[in-house]
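Residue numbers (the numbering used here): 12 to 149.
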């Protein structure tokens, strides 16, 4: 009799845990759909392996990172992506950040090179004053 009661109690607890996870999962999906990334991250992290919570957690981190990056917070965006598992969505956001950073470095290098070339050109013209005057008054 005690075994039956114990088994019923365990079954009841298991069912209530599943119902609780289901309710929390729905709250997490709702938070995700509404763009409440921090809330979604918190809920999906707490759910662990329940359904596709791990994937939803990674996607929530990626969406949060995309928002942070759009606001100019690159460091925080990278931290948000790498705080949990990186999903395909996270890889896309990370690729965008790295691509933009690489382009910025290229642009700055090109600007620096152009500035240096213009300086060299001006120096050459200054050193050849007679040549400059001939061209200017031709």
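Glycine is no exception: its CB is placed at the ideal position from the N, C-alpha and C atoms. Since this is a predicted model, take the numbers as computed values, not measurements.
Here's the rule: buried if 16 or more other CB atoms are within 10 angstroms of the residue's CB, otherwise exposed. What is residue i?
i, result
"residue 52", "buried"
"residue 68", "buried"
"residue 39", "buried"
"residue 79", "buried"
"residue 54", "buried"
"residue 8", "In the structure as shown, the chain begins at 12 and stops at 149. Residue 8 is therefore absent and cannot be evaluated."
"residue 42", "buried"
"residue 75", "buried"
"residue 28", "Annotation note: pLDDT 43 at residue 28 (below 50); position unreliable, coordinate value reported separately. By the neighbour-count rule (16 or more Cβ atoms within 10 Å), residue 28 is not buried but exposed."
"residue 88", "buried"
First and last residue of the alpha helix (DSSP H) that includes residue i?
i, result
"residue 54", "48-58"
For the putative contact between residue i and residue j, defined by C-beta atoms under 8 Å, what is the C-beta separation to the nearest angstrom?
i, j, result
"residue 100", "residue 70", "5 Å"
"residue 84", "residue 58", "Contact flag wrong, Cβ pair sits at about 27 Å."
Looking at residue i and the ligand HEM, is the gap between the Cβ and the nearest heavy atom below 8 Å?
i, result
"residue 54", "This structure lacks the ligand HEM; in fact it carries no ligand of any kind."
Is the number of C-beta pairs between the segment 82-93 and the segment 59-67 that are closer than 8 Å three or more? With a cut-off of 8 Å, the segment 59-67 and the segment 82-93 do not count as touching, because too few Cβ pairs lie within range.
Just to confirm the assignment: which complete alpha helix (DSSP H) runs, minimum length 4, are found wholly within the segment 55-118? You should have 64-81, 85-93.
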